[in-house]
Each structure stands twice: as structure tokens, then as C-alpha cells.
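Trainee:
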Amino acid sequence: MNNIQIMKTLFFCCTVTIIVIGVLSENEESIEAKYHKARAECQADPETGVTNETLLRSFKSQEISPAVGNHSLCIYKKLDAVNEKGVVNKSVVEEMLQAIVEDKNKLDEAVNECEERSKGTPLEVAIELSKCMWDTWKKYSESDEE
Ligand SMILES: *[C@@H]1O[C@H](CO)[C@@H](O)[C@H](O)[C@H]1NC(C)=O
Ligand SMILES: *[C@@H]1O[C@H](CO)[C@@H](O)[C@H](O)[C@H]1NC(C)=O
Ligand SMILES: *[C@@H]1O[C@H](CO)[C@@H](O)[C@H](O)[C@H]1NC(C)=O
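So for the sequence shown, full-length UniProt numbering puts the first residue at 1; every next one is plus one.
#1: Just verifying my parser: in three-state terms, what is the DSSP assignment at V88?
#2: For ligand 3, is there any heavy atom lying closer than 7 Å to the beta carbon of D108?
#3: Does V87 pass the burial test, meaning 16 or more other C-beta atoms within 10 Å, or should it be called exposed?
#4: Quick check: is any heavy atom of ligand 3 less than 7 Å from the C-beta of V125?
#5: How long is the line joining the alpha carbons of E115 and D80, rounded to whole angstroms?
#6: Cutting at 7 Å between CB atoms, please list the residues of its own chain near I100, excluding the five before and the five after it.
#7: When DSSP labels each residue in this structure, what does L24 get in the three-state scheme?
#8: Give me whichever residues DSSP pairs with V82 in a beta bridge.
#9: Ignore the nearest five residues each way along the sequence and tell me which others in S118's own chain have a CB closer than 6 Å to its CB.
#10: To which residues of the same chain is V111 closer than 7 Å at the C-beta, ignoring the five residues directly before and after it?
#11: Please enumerate, following chain order, all residues with a beta carbon closer than 6 Å to at least one heavy atom belonging to ligand 3.
#12: Using only the heavy atoms of ligand 2, determine whether one of them is closer than 7 Å to the beta carbon of E128.
#13: On the criterion of 16 or more Cβ atoms from any shown chain inside 10 Å, does E47 qualify as buried, or is it exposed?
#14: Check whether the Cβ of N83 lies closer than 7 Å to any heavy atom of ligand 2, and answer yes or no.
#15: Kindly provide the chain-ordered list of residues whose Cβ lies closer than 6 Å to any non-hydrogen atom of ligand 5.
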């Protein structure tokens, strides 16, 4: 991969696929802005920080280690996508996914699927929710792939 491709992948990895946020959103108070703030805070905390390289590797292998899961959970909690008990907030997940799923029925379907898949301890929920968002992103971004 050349540098541009690496940067693109990292961008998708970190800003789209970990939580799949509204890249196309123009609203300053958008979930994207909240996400950037949350990610910086979670990155700065040794308990939840992981390097960009680790995230990139995670995305490429489609495997989420507990350390990356902790990082995701930290972000999800700050965005209120997942609470302390590991319960998913569907309206927040919908906000994240609507950047990639335009059709309202398909969006509802994706949100329901991610909510149903994401059960267990808060860490398990964060890992499964991230994977579900990756799956949703892959499913609906196919036509944009080069
Ligand atoms: C990691 O990536 C984010 C953007 O996704 C960037 O803001 C940050 O500066 C990067 N950190 C390092 C250490 O490269
Ligand atoms: C994940 O977070 C929990 C609680 O903050 C911590 O006990 C655990 O060591 C962390 N795991 C990793 C791999 O960082
Ligand atoms: C889910 O999040 C929305 C928006 O942040 C909030 O208004 C709502 O009360 C939350 N729902 C639950 C069940 O926590």
C-alpha cells in the first residue's frame, strides 16, 4: 500500500468502521464531531488507548482484541451508544449507521441486527457492535469500492 492508501484505510478504520460515524454529515454538533472528541479522550487514557497501527491491524484482520474492545467501549460509552451495563441505545446506533445506510427500512434492519447481536458483558457488546458496524459498512459500501 502507498501512503495515500494507508491514510485512507486508517481514516475508514478509525473514523468509519470502529463506530461508523457520519463522514458526510455537515453538522458541527454531529456524531462525527462527538466521535473525534471521544476518541481523543479514550486514546489519551492508558486503560483504553490503542495506537492507530493497532486499530489498522485490527480492521485488516477483522479481529478485535480486548484492548481494542476496551477502546471501542470507551468511545461508545462517551457517545451513549452503550451504557455501563452493556445495553445498546438504538437511537445512537441509528445516528451512526445512517451515514452509510440511506434507505430507512434497511437502516432499521441494520440497527435491529446490531442491537440483537450485541449482548453480554459491556466488553463483549462493544466488540460485537464494532463487528456489526463493520459488516454493515462492508455490505453497503460495496459499490464505492475500487
Ligand atoms: C491517529 O489517527 C487520528 C485520526 O484518525 C489522528 O488524529 C491522530 O493524530 C493519529 N495518531 C497518531 C499517533 O498518528
Ligand atoms: C480492559 O478494561 C478493563 C477494565 O477497565 C481492564 O481491567 C482490562 O485489563 C482491560 N483489558 C485490556 C486488554 O486492556
Ligand atoms: C438513547 O440516546 C438518546 C440520545 O442520546 C436519548 O435521548 C435516549 O434517552 C437514550 N435512550 C435510552 C434508553 O437510554
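The C-beta atom is built at its ideal place from N, Cα and C for all residues, glycine as well.
Bear in mind the structure is a predicted one, so any value in this text is a computation, not a measurement.
Mentor: With the structure as the only source:
#1: strand
#2: no
#3: exposed
#4: no
#5: 14 Å
#6: V20, T136, W137, Y140 and S141
#7: Residue confidence for L24 is low, a pLDDT of 42 falling below 50, so the modelled location carries little weight and cannot support an answer.
#8: V88
#9: V88, V125, E128 and L129
#10: K90, V93, E94 and L97
#11: D80, N89, S91 and V92
#12: no
#13: exposed
#14: no
#15: As presented, the structure is devoid of ligand 5, carrying ligand 1, ligand 2 and ligand 3 as its sole ligands.
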